[in-house]
Every structure is written in structure tokens, then in C-alpha cells.
Amino acid sequence: APQPTSPGPIFDGFAAQFNNSGTTRLWGTYIGSVYIDRGNSIAVDINSNICVVGSSNGGSGEYMSIGTPGAHQPAGGGYNDAFVVKYTTGCIVLQAGRDTVICAGDSAALSASGGTSYLWSTGETSASITVAPVVTTTYTVSASDGIYTDTKYVTVTVNALPNVQITPPIVICSGTTISLSASGASTYEWLPGNVQGNVISVSPTITTIYTVTGTDVTVCINTAVTTVSVLSTPVKPVISVAGMTLTSSP
Numbered sequence: 086a087p088q089p090t091s092p093g094p095i096f097d098g099f100a101a102q103f104n105n106s107g108t109t110r111l112w113g114t115y116i117g118s119v120y121i122d123r124g125n126s127i128a129v130d131i132n133s134n135i136c137v138v139g140s141s142n143g144g145s146g147e148y149m150s151i152g153t154p155g156a157h158q159p160a161g162g163g164y165n166d167a168f169v170v171k172y173t174t175g176c177i178v179l180q181a182g183r184d185t186v187i188c189a190g191d192s193a194a195l196s197a198s199g200g201t202s203y204l205w206s207t208g209e210t211s212a213s214i215t216v217a218p219v220v221t222t223t224y225t226v227s228a229s230d231g232i233y234t235d236t237k238y239v240t241v242t243v244n245a246l247p248n249v250q251i252t253p254p255i256v257i258c259s260g261t262t263i264s265l266s267a268s269g270a271s272t273y274e275w276l277p278g279n280v281q282g283n284v285i286s287v288s289p290t291i292t293t294i295y296t297v298t299g300t301d302v303t304v305c306i307n308t309a310v311t312t313v314s315v316l317s318t319p320v321k322p323v324i325s326v327a328g329m330t331l332t333s334s335p
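This note's numbering puts the first residue of the sequence shown at 86, with every later residue one more than the last.
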């Protein structure tokens, strides 16, 4: 630690870091001169540096136990001085990315940074992993620099696919126009034809397979398929009378 022992007989400040559960002290230091010193406030900045603000009643020479060479004011000016101390050791900066949303059947890439080793709740130990949960899942990643550890959580929300329904397979005669309809989504696109809308009119001349792709408000998509079978129209017979015999053709 920067100051592992108490420098004076009374009133020293201190800073300490504990594990996530608060059961183990990972790092600690005294902050003080040889007289009366108080730590008034402590904070951690965005880079996980530990910052302490306080006051010291040590003299100019005695204050050197708090000030460091090259600081804005390394030595105290006399009685009752303020001090600011920043420690850049004692913790790591673990970044695990933001929560994300996927559609059922898709995957999500999760990544962490700030440590030298990682352990995900999936058991994987690389900094980046790919997951494909079937339900909304919260993943845990722990990072270590060999001394200190930190843990973060990332939730992957899984949205269900729209239940797209389509007109059942149907048989028509050639030259007939029918309507096909779809439901279960917000927007629809049909193939063949690249036609949009939940209802379309078709007049196929041959048996045709129609596919509709439905997209819901969560931008998840699903498809449905139907077949329109086309029967050839029979040729009308021609009836002729020859004597008492009736014949038809073809």
C-alpha cells in the first residue's frame, strides 16, 4: 500500500477496498502526516481511481507523508490544510457492454474488457462470447487482473417471433382470381411479386407456392407458406347429330 503504517499518534485518514460481498478487504492505506489528519470524502471516478478529500494539521515538513513529488502542492502550507489524494491501484475497470434484445433463434455477441482473465456464467473464459438464449437470460462475467476482481451483468432479452397465419392451401380453376390473407404480424410482404399488405389478390395460371413474411412491432420476423393449385379448364364438348347417332368431340 502507499502508506501501510500509521504515520502519527492521532487521527489518520484511510482508504480501503473490499470485495463485492464486503467480506474481504482487498487493499487499504493510511492517509496522514504525523499530526491530526482527517478523511472527509471518498469517491471512485469513471476509471476506478480512488479519490479522497480531507484535511491535515501537519506542518510543512510533516505533510510530505501525504503529498507526493511533482504534485500541484506537495508540501502543506502550515496549520489545517486541505488535501486531495488519488490512488490508481487497487481496482480494475470491467466493462461488459449494455443489455441487448434479440429475436428468438438469433444470437448475441457479448464482450468484456478491463481485466486479464474472464469467467462468464456460461463457463467460457474468453473476453468475447456468443450466446443464443431461448428465453430472456442474464449473464454474469467476472474479470480479474491477477489480484483484484470485479463482476458485471448483461441481460439478453428474447422476443418471440410473430405467429404468422396464412390462407390454407386451395385448389382453383385456371382463370380464377382469389384473395390470400395473412395475420399475426404488423406488416407483410408476399412472394412472388414483392407485394405488401395482409390481403392480396392472385390469378396464377399454374400451381404456385406463395410465401408471406410478417414483421411485428419488435422487428422480429416469421414466414408462412401456402399453395394455390391450378386445374386446367376442360374443353367444352361439341355435340353433333348424324342420323340417330349423337357424337361429341373432342
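For glycine and all other residues, C-beta sits at the position ideal for the given N, C-alpha and C.
Grouping DSSP H, G and I as helix and E and B as strand, with all else coil, what is Asn142? Looking up residue 142 in the sequence shown gives position 57. Three-state result, Asn142: coil.
Element boundaries [beta strand (DSSP E), containing Phe103]: In the sequence shown, residue 103 corresponds to position 18, counting from 1. Taken as a continuous stretch (DSSP letters only), the beta strand (DSSP E) holding Phe103 covers Gly98 to Phe103.
So what does DSSP say about Gln158, is it helix, strand or coil? Position 73 of the sequence shown, counted from the first residue, corresponds to residue 158. Coil.
For the beta strand (DSSP E) that Cys305 lies in, which residues bound it at each end? Counted from its first residue, the sequence shown places residue 305 at position 220. Premise fails: Cys305 is in no beta strand (DSSP E) and is neither H nor E.
So is Asn307 buried or exposed if we call it buried at 16+ other beta carbons inside 10 Å? The residue labelled residue 307 in the question sits at position 222 within the sequence shown. Buried.
Limits of the unbroken beta strand (DSSP E) element including Asp130: In the sequence shown, counting from the first residue as 1, residue 130 sits at position 45. Looking at the DSSP string, Asp130 is not in any beta strand (DSSP E), and its letter there is neither H nor E.
Would you identify the three-state DSSP class for Met149, choosing helix, strand or coil? As a position in the sequence shown, residue 149 is number 64, starting the count at 1. Model confidence at Met149 stands at a pLDDT of 48, short of 50, so the residue's coordinates are unreliable and nothing is read from them.
From Val320 to Val313, what distance separates their C-alpha atoms? Position 235 of the sequence shown, counting from 1, holds the residue named residue 320. Position 228 of the sequence shown, counting from 1, holds the residue named residue 313. Going from the Cα of Val320 to the Cα of Val313 covers about 22 Å.
Per DSSP, which residues does Asn244 bridge with? Please list them. Along the sequence shown, one-based indexing puts residue 244 at 159. Cys188, per the DSSP bridge assignment.
Tell me where the beta strand (DSSP E) around Gly166 begins and ends. Here residue 166 refers to the residue found at position 81 of the sequence shown. The question names Gly, but residue 166 is Asp in the sequence shown. Run containing Asp166: Asp166 to Tyr172, per the beta strand (DSSP E) assignment.
Since Gly278 and Gln250 are thought to touch, with beta carbons under 8 Å apart, how far apart are those beta carbons, to the nearest angstrom? Position 193 of the sequence shown, counted from the first residue, corresponds to residue 278. Position 165 of the sequence shown, counted from the first residue, corresponds to residue 250. With 8 Å as the limit, Gly278 and Gln250 do not qualify as a contact, their Cβ atoms being about 19 Å apart.
Which of helix, strand or coil does DSSP assign to Glu209? Here the question's residue 209 lines up with position 124 in the sequence shown. Three-state result, Glu209: coil.
Cβ-based burial, Gly124 [other Cβ within 10 Å; buried from 16]: Reading the sequence shown from its first residue, position 39 is the one you call residue 124. With 16 or more Cβ atoms within 10 Å of its Cβ, Gly124 is classed as buried.
Alpha carbon of Gly98 to alpha carbon of Gln158, nearest angstrom: The count along the sequence shown starts at 1 and reaches residue 98 at position 13. The count along the sequence shown starts at 1 and reaches residue 158 at position 73. Rounded to whole angstroms, Gly98 to Gln158 spans 19 Å at the Cα level.
Would you kindly work out how many angstroms separate the C-alpha atoms of Val336 and Pro154, rounded to a whole number? The chain is shown from 86 up to 335; residue 336 falls before or after that span and cannot be answered.
CA-CA distance, Phe96 and Ala156? On the sequence shown, position 11 is the one that residue 96 refers to. On the sequence shown, position 71 is the one that residue 156 refers to. So the alpha carbons of these two residues sit roughly 23 Å apart.
Quick check on the burial criterion: 16 or more other C-beta atoms within 10 angstroms. Buried or exposed for Pro247? Locating residue 247 in the sequence shown gives position 162, where the first residue counts as 1. Buried, by the Cβ-count rule.
Where Gly231 and Asp130 are concerned, what is the direct C-alpha to C-alpha distance, given to the nearest angstrom? Taking the sequence shown and counting its residues from 1, one reaches residue 231 at position 146. Taking the sequence shown and counting its residues from 1, one reaches residue 130 at position 45. Gly231 and Asp130: Cα-Cα distance of roughly 22 Å.
Specify, as a first and last residue, the run of the beta strand (DSSP E) that Leu195 falls within. Taking the first residue of the sequence shown as 1, we reach residue 195 at position 110. Start and end: Ala193 to Ser196.
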